[in-house]
Amino acid sequence: MSLHNCMARWKDIKKGITVLLIMIPTLLVCLPIILLVTGSVMSNGELRQHLSPVFSDALDYISWQVVPDYPTFENYSKLLFMTPQFFILFWNSIKMVGCILAGQLLVGVPAAWAFAVYRVKGSRALFALYVVLMLLPFQVMMLSSYLVLNRLGMLDTQQAIILPAVFSTFPVFLTYGGFRCIPMQLFEAARIDGAGELRIFCKIGLPLGKSGLLSAMVLGFLEYWNMMEQPMAFLEDKSLWPLSLYLPEITWAQAGYAFTTSIITLIPAVFVFIWGQDYLEQGIIFSGLKE
Amino acid sequence: MKAKRRIAKVHKDTRAFFLFLLPSLFGVLIFVLLPFLDVFVRSFQTVVTKQFVGFKNYGTIFSNQAFQLAVKNTVRFTFVCIPLLVVIGLLIALPVSKMKSAGTIKSLYLFPLAMPTATIVIVWKMVFYKQGFLNLILTQLGEWTGLWGEVHFDYLGSSASFWVLVFSYIWKNAGYTIVLWLAGILGIPNELLEAARVDGASERQCTMKIILPNLKGSLYTIVILSFLNSFKIYREAYLVAGAYPEQDMYLLQHLFNNWFVNLDFDKMAAAAVCVGGFLFVVIMLLQRVWDNKT
Numbered sequence: 001m002s003l004h005n006c007m008a009r010w011k012d013i014k015k016g017i018t019v020l021l022i023m024i025p026t027l028l029v030c031l032p033i034i035l036l037v038t039g040s041v042m043s044n045g046e047l048r049q050h051l052s053p054v055f056s057d058a059l060d061y062i063s064w065q066v067v068p069d070y071p072t073f074e075n076y077s078k079l080l081f082m083t084p085q086f087f088i089l090f091w092n093s094i095k096m097v098g099c100i101l102a103g104q105l106l107v108g109v110p111a112a113w114a115f116a117v118y119r120v121k122g123s124r125a126l127f128a129l130y131v132v133l134m135l136l137p138f139q140v141m142m143l144s145s146y147l148v149l150n151r152l153g154m155l156d157t158q159q160a161i162i163l164p165a166v167f168s169t170f171p172v173f174l175t176y177g178g179f180r181c182i183p184m185q186l187f188e189a190a191r192i193d194g195a196g197e198l199r200i201f202c203k204i205g206l207p208l209g210k211s212g213l214l215s216a217m218v219l220g221f222l223e224y225w226n227m228m229e230q231p232m233a234f235l236e237d238k239s240l241w242p243l244s245l246y247l248p249e250i251t252w253a254q255a256g257y258a259f260t261t262s263i264i265t266l267i268p269a270v271f272v273f274i275w276g277q278d279y280l281e282q283g284i285i286f287s288g289l290k291e
Numbered sequence: 001m002k003a004k005r006r007i008a009k010v011h012k013d014t015r016a017f018f019l020f021l022l023p024s025l026f027g028v029l030i031f032v033l034l035p036f037l038d039v040f041v042r043s044f045q046t047v048v049t050k051q052f053v054g055f056k057n058y059g060t061i062f063s064n065q066a067f068q069l070a071v072k073n074t075v076r077f078t079f080v081c082i083p084l085l086v087v088i089g090l091l092i093a094l095p096v097s098k099m100k101s102a103g104t105i106k107s108l109y110l111f112p113l114a115m116p117t118a119t120i121v122i123v124w125k126m127v128f129y130k131q132g133f134l135n136l137i138l139t140q141l142g143e144w145t146g147l148w149g150e151v152h153f154d155y156l157g158s159s160a161s162f163w164v165l166v167f168s169y170i171w172k173n174a175g176y177t178i179v180l181w182l183a184g185i186l187g188i189p190n191e192l193l194e195a196a197r198v199d200g201a202s203e204r205q206c207t208m209k210i211i212l213p214n215l216k217g218s219l220y221t222i223v224i225l226s227f228l229n230s231f232k233i234y235r236e237a238y239l240v241a242g243a244y245p246e247q248d249m250y251l252l253q254h255l256f257n258n259w260f261v262n263l264d265f266d267k268m269a270a271a272a273v274c275v276g277g278f279l280f281v282v283i284m285l286l287q288r289v290w291d292n293k294t
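As you go down the protein sequences, you meet chains Z and C in turn. Read in order, the letters of the first sequence are residues 1 to 291 in our numbering. Read in order, the letters of the second sequence are residues 1 to 294 in our numbering.
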């Protein structure tokens, strides 16, 4: 074999190894989903058989079957038609996420616009403060949120979850990234043509800064659909809980239920993910922009 | 005349700035800044009588064993996870940036971001359980190679649980990091790489001498955002092991939550001020370092 051939061969092998290295993590991403989907259409008897090691102290292992022997939608129909509690929580989740995102649009987007367009003394320092606030974890702010919610008499109501989230500074930062991508000359031109500031915001800012805004919404949806810390701390009444807290309440004895609920919790997130993927990516990139 | 006009413009800008910002600023003031000030004040007081006690609360938390353990674990988690995530992300992003199907691969990696935690925890429990899938695979591997027998290691109930968390964190956040790295790599002007190639630089040289040095800016943001996301690992930790997990997994987040449940507001206030202040300083320092570099 000539040297050239050998080199080509080596290159192929190297390429193969790279592909393999990239495929292994891909597998890690897909397997959990396959597991959940098959689990959700398995009959309870079959599930019990596979999961019996969890209940007994015997030494045999858990087992699985990618194609169930008797696929059934029994758990789905039980969940969807016979569990009113599930609907209440699903609706709670939708309501809270919807209110939070709408509020963020109303409050955060103008704020982002203010930071992006107007160079005012002190605006940079204020923005730096916003960035720090966005980076503080919930646990650090937990006590202060509790104190203010208590004073406003909002504890154990859904406002306790919605209002603090509306004033989160993360969407401001993301939307800011989108607005910064618009060339400033456009605004100058509009001003010379006699457009007012509000008009410029609505007619130029919003349409052209759409990607930053939508990316904040997509990232926000995924975050709040999955929210756990806040409702766990501030909602005692379980009928106010979001869906994300319902799932952990299900025990192993009802594994079929758990799988089905998982899938249904997953579905809206998947839709948003597929629809908003480009914005999601954009949002991640905006979140990495320097102020 | 000109100066007058400029002053008028500055004035107009300031008014517009505050009008657009006002709702947000008002909310942040009411829900974040003022309450935090309240917490700051409380950190020097007793819970019930609100007597001024100086730094006593701070003394209490620093001599508190649970606090020490939680800080140790949180620091350990951060120092293990962030470098690991940053490097893994880069190792994947570099080859992916040269591929044609980069889009598909990216979205596959991003998908875990969309998976609700409660959902994924069910899977982790089945995998890392004493008689779970991981041990099943290891046992079969042992049988196949003849090197070891049945494995019945309890990952969730031992110090290995820490590594389960690390794995879960990387699994979830790899996509985020890869997208940020890719944005950095694709932002490097192509002419730079072309010129180097024309001059006879190998691929490795291109990577080492051009791509990596140009990614310093991305590194800063990736570290900051990975750090931000690292606090959310509490969800996984809580769902896998509850409020009082195995001690290698006991993080600051657990401690705050338990103090909250027990109404230990004095300790909580002091700890919030400490952690918040610490984070503030770290973020500012990082930003300073980064500003000087670029």
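Using N, Cα and C, we set each Cβ at its ideal position, and we do this for glycine too.
message = Looking only at its chain, what residues have a beta carbon closer than 8 Å to the beta carbon of C:His152, apart from the 5 residues adjacent to it on each side?
response = Here residue 152 of chain C is taken as the residue at index 152 of the second sequence, counted from 1. Excluding positions up to five away in sequence, the list reads Lys130, Gln131, Asn135.
request  = Give me whichever residues DSSP pairs with C:Gln45 in a beta bridge.
outcome  = Working through the second sequence from its first residue, we reach residue 45 of chain C at position 45. DSSP, once it has assigned bridges, lists C:Phe52 as partnering C:Gln45.
inquiry  = Which of the three DSSP states is assigned to C:Pro116 in this structure?
reply    = On the second sequence, position 116 is the one that residue 116 of chain C refers to. Correct three-state label for C:Pro116: coil.
request  = Please state whether DSSP places Z:Asp156 in a helix, a strand or coil.
outcome  = Residue numbering aside, residue 156 of chain Z sits at position 156 when the first sequence is read from its first letter. Residue state, collapsed to three classes: coil.
Residues near Z:Leu280 by beta carbon distance below 6 Å, same chain, minus five either side = In the first sequence, counting from the first residue as 1, residue 280 of chain Z sits at position 280. Excluding positions up to five away in sequence, the list reads Val218.
key: Where Z:Val120 sits in the DSSP three-state scheme   = Stepping through the first sequence from its first residue, residue 120 of chain Z is reached at position 120. Looking at Z:Val120 - three-state DSSP - the assignment turns out to be coil, as it is neither helix nor strand.
ask   = Would Z:Phe173 pass as a contact of Z:Ser287 if the rule is Cβ separation under 8 Å?
value = One-based indexing of the first sequence puts residue 173 of chain Z at position 173. One-based indexing of the first sequence puts residue 287 of chain Z at position 287. Here Z:Phe173 is near Z:Ser287, since their CB atoms are less than 8 Å apart.
Test: C:Val71 CB closer than 8 Å to a CB of chain Z = Numbered from 1 along the second sequence, position 71 holds the residue referred to as residue 71 of chain C. Not an interface residue.
query = Taking Cβ positions, are Z:Gly212 and Z:Gly177 nearer each other than 8 Å?
reply = For the purposes of this step, residue 212 of chain Z is taken as residue 212 along the first sequence, with counting starting at 1. For the purposes of this step, residue 177 of chain Z is taken as residue 177 along the first sequence, with counting starting at 1. Yes.
query = Taking C-alpha atoms, which residue in Z:Phe179, Z:Thr260, Z:Leu136 lies nearest to Z:Leu80?
reply = By 1-based counting over the first sequence, the position of residue 80 of chain Z is 80. The residue with the shortest Cα to Cα distance from Z:Leu80 is Z:Thr260.
message = Let's test the definition: count the other Cβ atoms within 10 Å of the Cβ of Z:Pro84 and tell me whether it reaches 16, buried, or not, exposed.
response = Sequence index remark: in the first sequence, residue 84 of chain Z carries index 84 (1-based). Exposed: under 16 other Cβ atoms inside 10 Å.
task = Could you list the residues in the segment 133-154 of chain C with a C-beta less than 8 Å from some C-beta on chain Z, going in chain order?
result = Phe133, Asn135, Leu136, Thr139, Glu150, His152
key: Beta-carbon neighbours of Z:Leu281, restricted to chain C and to distances below 8 Å   = Taking the first residue of the first sequence as position 1, residue 281 of chain Z is located at position 281. According to the sequence displayed, residue 281 of chain Z carries Glu and not Leu. Correct list: Lys106, Leu110, Val179.
request  = For Z:Ile162, count neighbouring Cβ atoms within 10 angstroms of its own Cβ and tell me buried if that reaches 16, exposed if not.
outcome  = Within the first sequence, numbered from 1, the residue matching residue 162 of chain Z stands at position 162. Result: buried.
message = Distance check for Z:Ile33 and C:Val127, CA to CA, integer angstroms please.
response = Working through the second sequence from its first residue, we reach residue 127 of chain C at position 127. Working through the first sequence from its first residue, we reach residue 33 of chain Z at position 33. Per the coordinates, the alpha-carbon of C:Val127 lies some 13 Å from the alpha-carbon of Z:Ile33.
Exposure label - Z:Met96; buried when at least 16 CB within 10 Å = Reading the first sequence from its first residue, position 96 is the one you call residue 96 of chain Z. It is buried - the Cβ of Z:Met96 has at least 16 other Cβ atoms within 10 Å.
request  = Look at the alpha carbon of Z:Gly103 and the alpha carbon of C:Pro245, and state the distance between them as a whole number of angstroms.
outcome  = As a position in the first sequence, residue 103 of chain Z is number 103, starting the count at 1. As a position in the second sequence, residue 245 of chain C is number 245, starting the count at 1. Answer to the nearest angstrom: the Cα atoms are 36 Å apart.
key: Pairwise C-alpha distance: C:Leu180 and C:Leu84   = Within the second sequence, residue 84 of chain C is the residue found at index 84, counting from 1. Within the second sequence, residue 180 of chain C is the residue found at index 180, counting from 1. About 15 Å.
message = Check whether chain Z comes within 8 Å of C:Leu279, counting only Cβ atoms and requiring the distance to be less than that.
response = Start at 1 with the first residue of the second sequence, and residue 279 of chain C comes out as number 279. Taking Cβ atoms only, chain Z reaches closer than 8 Å to C:Leu279, which makes this a yes.
message = Between C:Gly157 and chain Z, is the shortest Cβ-Cβ distance under 8 Å, so that the two count as touching?
response = Position 157 of the second sequence, counting from 1, holds the residue named residue 157 of chain C. Judged by the 8 Å Cβ criterion, C:Gly157 is not in contact with chain Z.
inquiry  = Can you pull the chain C neighbours of Z:Met217, defined as C-beta to C-beta under 8 Å?
reply    = By one-based count along the first sequence, residue 217 of chain Z stands at place 217. Near Z:Met217 there are no residues of chain C at all, since even the closest Cβ is about 14 Å away, more than 8 Å.
message = Is it buried or exposed, Z:Lys14, if we count other Cβ atoms within 10 angstroms and call 16 or more buried?
response = One-based indexing of the first sequence puts residue 14 of chain Z at position 14. Its Cβ having fewer than 16 others within 10 Å, Z:Lys14 is exposed.
request  = Evaluate Z:Ser244 with the Cβ neighbour count: other Cβ atoms within 10 Å of its Cβ, from every protein chain shown; 16 or more gives buried, anything less gives exposed.
outcome  = Walking along the first sequence from the start, residue 244 of chain Z turns up at place 244. It is buried - the Cβ of Z:Ser244 has at least 16 other Cβ atoms within 10 Å.
query = On the premise that Z:Leu149 lies in contact with Z:Leu155, defined as a C-beta separation below 8 Å, what is that separation, rounded to the nearest angstrom?
reply = Counting from one through the first sequence, the residue named residue 155 of chain Z turns up at place 155. Counting from one through the first sequence, the residue named residue 149 of chain Z turns up at place 149. Between Z:Leu149 and Z:Leu155 the Cβ distance is about 5 Å, and since that is below 8 Å, they are a contact.
Residue burial classification, C:Arg235 (beta-carbon count within 10 angstroms, cutoff 16) = Taking the first residue of the second sequence as 1, we reach residue 235 of chain C at position 235. So C:Arg235 counts as buried.
request  = Kindly give me the distance between the Cβ atoms of C:Leu212 and C:Gly184, rounded to whole angstroms, as I take these residues to be in contact under 8 Å.
outcome  = Counted from its first residue, the second sequence places residue 212 of chain C at position 212. Counted from its first residue, the second sequence places residue 184 of chain C at position 184. About 10 Å; that fails the 8 Å criterion.
ask   = In three-state terms, what does DSSP make of C:Pro189?
value = Numbered from its first residue, the second sequence carries residue 189 of chain C at position 189. If DSSP states are grouped into helix, strand and coil, C:Pro189 belongs with coil.
key: Cβ-based burial, C:Ile137 [other Cβ within 10 Å; buried from 16]   = For the purposes of this step, residue 137 of chain C is taken as the residue at position 137 of the second sequence. With fewer than 16 other Cβ atoms within 10 Å, it is exposed.
query = Between C:Arg6 and Z:Asn92, what straight-line distance do the alpha-carbon atoms span, to the nearest angstrom?
reply = Along the second sequence, one-based indexing puts residue 6 of chain C at 6. Along the first sequence, one-based indexing puts residue 92 of chain Z at 92. Looking at the two C-alpha atoms, the distance is approximately 52 Å.
message = Judging by CA-CA distance, which residue of Z:Arg124, Z:Tyr146, Z:Leu152, Z:Pro71 is the nearest neighbour of C:Trp272?
response = The residue you call residue 272 of chain C lines up with position 272 of the second sequence. According to the sequence displayed, residue 272 of chain C carries Ala and not Trp. Selected option, being the one with the closest Cα: Z:Tyr146.
inquiry  = Is it buried or exposed, C:Asn73, if we count other Cβ atoms within 10 angstroms and call 16 or more buried?
reply    = For the purposes of this step, residue 73 of chain C is taken as the residue at position 73 of the second sequence. By the neighbour-count rule (16 or more Cβ atoms within 10 Å), C:Asn73 is buried.
ask   = Counting contacts by CB-CB distance shorter than 8 Å, is Z:Asn44 in contact with chain C?
value = Taking the first sequence and counting its residues from 1, the one referred to as residue 44 of chain Z is at position 44. Chain C contact via Cβ: absent.
key: Proximal chain Z residues relative to C:Leu212, where beta-carbon distance stays under 9 Å   = Sequence index remark: in the second sequence, residue 212 of chain C carries index 212 (1-based). Listed along chain Z, no residue sits closer than 9 Å to C:Leu212 by beta-carbon distance, the nearest being about 17 Å off.
ask   = According to the neighbour-count rule (16 or more other Cβ atoms, all chains shown, within 10 Å of its Cβ), is C:His254 buried or exposed?
value = Here residue 254 of chain C refers to the residue found at position 254 of the second sequence. So C:His254 counts as buried.
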